[in-house]
Each structure stands twice: as C-alpha cells, then as structure tokens.
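To start, the structure itself, in structure tokens.
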Ligand SMILES: Cc1cc2nc3c(=O)[nH]c(=O)nc-3n(C[C@H](O)[C@H](O)[C@H](O)COP(=O)(O)O)c2cc1C
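Residue numbers (our numbering): 643 to 970.
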C-alpha cells in the first residue's frame with residue numbers, strides 16, 4: 643500500500659478516508675469495526691440540541707403524569723433530571739477510549755450559550771477535535787443571509803475561544819458566496835472546512851398524499867459542488883479542506899484530492915456496501931497512485947485545483963459557457 647498519510651484539521655492521519663457523522667458510530671462494536679477496516683478517523687453522530695430538548699420535554703411530561711397518579715412520587719424523585727446530554731457525553735467518552743484512531747465529536751445546537759456549553763463539554767470528553775454542523779433551515783423571511791452567516795461566525799468565535807482542540811466547520815453548498823464564508827471561518831481560526839453537508843430533502847408520496855423523505859443515501863460518483871469549491875479554495879485557506887457527499891470509491895476520493903482536499907468523508911457508501919468498503923477505497927486509491935507513480939498524497943494534491951491548472955477559467959463561468967455552447 644502507498645503512503646496515504648495526510649493532515650486532518652492539523653492532526654496527522656494514517657490515510658484520508660474518514661467516516662463522516664452518522665448513526666454507524668452509535669455502537670461501540672461498529673466503531674471498532676470502523677477502526678479495523680482502516681479508517682483514517684471517525685466523526686461521531688452529532689449531539690443535536692433539539693433532541694436533548696425533546697427528550698427533556700418527554701421526560702417532564704412523563705413525570706407530570708406520574709405526579710398526577712401518585713402525589714408521593716414527587717417527593718420520592720425530587721431532583722430527577724434527564725441524563726441528556728450527559729448520556730451523549732458519556733457515549734462520546736467511551737467511543738474515544740474504544741479505538742486508537744482520531745475521534746471527532748460533532749455538534750448542532752440552537753442557542754448561542756448552548757453551542758458554547760456543549761462544545762466545552764464535548765471537548766472535555768477527550769476527543770481529538772470538534773466538528774460544528776451549522777445546518778438549520780431558515781424559516782423567517784425577514785432574516786437576511788448576512789444575519790444568518792454573521793450569527794454562525796459569532797457562534798464560531800465564541801466556541802473557538804472556549805475550546806482548545808481543533809475545530810472543523812461543516813458547511814452546506816447553499817451559501818450565496820461559499821468562498822467568502824469559508825474564508826471568514828478560516829480567518830477566525832477554523833482548522834478545517836467540510837465541503838459539504840448533504841441536506842435531507844423532502845418528498846411527497848402521491849398514494850398516501852403525505853409528506854415523505856427523499857432518498858437518504860447518496861449514490862456515489864462524488865459531489866460536483868464539493869469538487870468545484872474544493873478546487874477553487876485550494877491554496878486560499880490555512881484550514882484543511884475536507885470533501886464530503888457522494889464519495890463512494892477510491893477513485894471518487896482521488897478526484898477530490900486532485901482538486902485539493904486533504905481528506906474525504908464517507909457515509910452512504912458504508913451503509914450500502916458495508917464497513918469493510920473502507921479498505922477497498924484505500925486499496926483503489928493506492929492502486930491509482932501506483933499506476934501514476936505517486937509516492938505520497940502531497941505529490942498530487944491540488945494538481946487539478948484552480949491554482950494549478952493551465953486554464954485559469956476552469957471551474958468558473960467560462961467552463962459553464964463552454965459546456966452550454968459545446969452542447970449545441
Ligand atoms: C443515516 C445518516 C445519519 C446522519 N447523521 C448525521 C449527523 O448526526 N450529523 C451530521 O453532521 N451529518 C449527518 N449525516 C450526514 C453525513 O455526515 C454526510 O454529510 C452526508 O451523508 C453526505 O455524505 P455521503 O454522501 O457520503 O452520505 C448523516 C447521514 C446519514 C445517511
């Protein structure tokens with residue numbers, strides 16, 4: 643196998659195939675399988691503030707029901723609290739101890755103080771890094787995109803000041819100006835940007851005439867959005883660029899590394915092909931490097947980024963025009 647070592651948020655990894663945040667990391671057994679299959683690192687399932695709130699509310703309602711039934715229950719369990727997020731924190735701590743590959747906690751909170759509080763608690767579990775998943779659906783029409791981005795940056799700055807470990811921000815592809823947003827996080831000390839989160843899409847079942855969920859898993863082939871923005875950002879950030887979405891094979895990973903990513907995150911491919919697929923991806927990447935005569939990832943990383951291609955307009959508007967005019 644070729645030397646696949648790389649940097650991930652400044653942490654040295656054995657290889658660039660990182661398991662992205664998903665439910666595969668919910669069980670310690672699966673986490674061990676992920677390490678055995680040779681993943682470079684693992685991002686744990688996110689701590690969602692809404693879920694904590696929902697569980698607290700359900701518990702409160704349950705307790706109220708018992709109070710109504712048995713008045714004495716109130717005095718029996720006077721200080722009973724929901725264990726969340728303690729339960730999540732305990733599981734993060736156990737996950738970190740279970741394997742020797744870098745383990746990264748992930749957070750999606752709602753309120754600014756909670757972002758900071760949970761980030762600090764996650765960092766205290768001993769994880770190697772923290773990933774901030776800022777996704778939330780904007781529903782207030784009076785709020786501007788600038789308001790939303792500024793709020794994310796403000797939260798980031800507070801978390802950055804509160805936490806010493808490396809921090810990655812997981813972006814989505816729908817910002818008006820992706821380069822500007824990525825640069826703003828970079829300027830504030832982000833150690834990595836993840837391009838991109840794939841948002842769950844709604845659908846409607848025409849038989850039941852009810853809302854349903856569209857395909858949850860991606861189908862591979864690599865995300866063209868991740869490819870474009872990785873190629874445009876390479877060489878412009880101090881932070882590592884991590885590509886995500888639709889990366890299902892070693893060859894998909896090669897494309898994103900050529901565009902300038904230091905690593906890739908994989909999720910759907912592991913649900914559809916199984917955890918041992920990590921090793922297949924590494925082997926494909928290594929075989930390609932052997933065929934091309936590359937000894938390390940640094941030998942070809944960013945070779946097809948905007949910075950390094952002969953045509954300075956590649957990945958930009960001229961490419962779009964060329965595609966449309968060429969098609970005619
Ligand atoms: C079942 C499932 C659960 C997920 N849970 C999370 C999560 O908790 N936090 C998060 O940031 N992303 C989550 N994601 C998104 C993935 O981390 C990833 O960004 C997305 O699936 C795109 O990568 P892929 O095309 O390789 O699947 C989840 C995805 C799936 C399929």
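The beta-carbon is built from N, C-alpha and C at its ideal position, and this holds for glycine as well.
Hey, could you find the ends of the beta strand (DSSP E) residue i is sitting in?
| i | result |
| --- | --- |
| residue 654 | 653-655 |
| residue 855 | 852-855 |
| residue 812 | 809-813 |
| residue 773 | 771-775 |
Please check the pair residue i and residue j, which I expect to be a contact at CB under 8 Å, by giving their CB distance rounded to whole angstroms.
| i | j | result |
| --- | --- | --- |
| residue 770 | residue 809 | Contact flag wrong, Cβ pair sits at about 11 Å. |
| residue 877 | residue 944 | 7 Å |
Let me know if residue i comes out buried or exposed under the rule of 16 or more other beta-carbons within 10 Å of its beta-carbon.
| i | result |
| --- | --- |
| residue 894 | buried |
| residue 734 | buried |
| residue 833 | buried |
| residue 721 | In this prediction, residue 721 scores a pLDDT of 47, lower than 50, which makes its location untrustworthy; the coordinate-derived value is nonetheless stated afterwards. Exposed. |
| residue 946 | buried |
| residue 842 | exposed |
| residue 691 | buried |
| residue 718 | The predicted model places residue 718 with a pLDDT of 47, which falls under 50 and marks its position as unreliable; any figure quoted below should be read in that light. Exposed, because fewer than 16 other Cβ atoms sit within 10 Å of the Cβ of residue 718. |
| residue 752 | exposed |
| residue 749 | buried |
| residue 906 | buried |
| residue 725 | With a pLDDT of 49 at residue 725, under the threshold of 50, the predicted position of this residue should be treated as unreliable, though the coordinate-derived value follows. The residue in question, residue 725, is exposed, as its Cβ has fewer than 16 Cβ neighbours within 10 Å. |
| residue 891 | buried |
Taking 7 Å as the cut-off, is the beta-carbon of residue i closer than that to any non-hydrogen atom of ligand 1?
| i | result |
| --- | --- |
| residue 835 | no |
| residue 911 | yes |
| residue 675 | no |
| residue 878 | no |
| residue 889 | yes |
| residue 775 | yes |
| residue 781 | no |
| residue 731 | no |
Among the options, which has the Cα closest to the Cα of residue i?
| i | options | result |
| --- | --- | --- |
| residue 649 | 815, 667, 881, 919 | 881 |
| residue 860 | 819, 871, 908 | 908 |
| residue 867 | 845, 938, 898 | 898 |
| residue 686 | 660, 796, 824, 680 | 660 |
Alpha helix (DSSP H) containing residue i: first to last residue?
| i | result |
| --- | --- |
| residue 921 | 919-934 |
| residue 690 | Looking at the DSSP string, residue 690 is not in any alpha helix (DSSP H); the run it does join, the beta strand (DSSP E), is 683-690. |
| residue 892 | 892-901 |
| residue 676 | 670-678 |
Ligand 3 and residue i: does the residue's C-beta get closer than 7 Å to at least one heavy atom of that ligand?
| i | result |
| --- | --- |
| residue 907 | With respect to small molecules bound, the structure shown includes ligand 1 and not ligand 3. |
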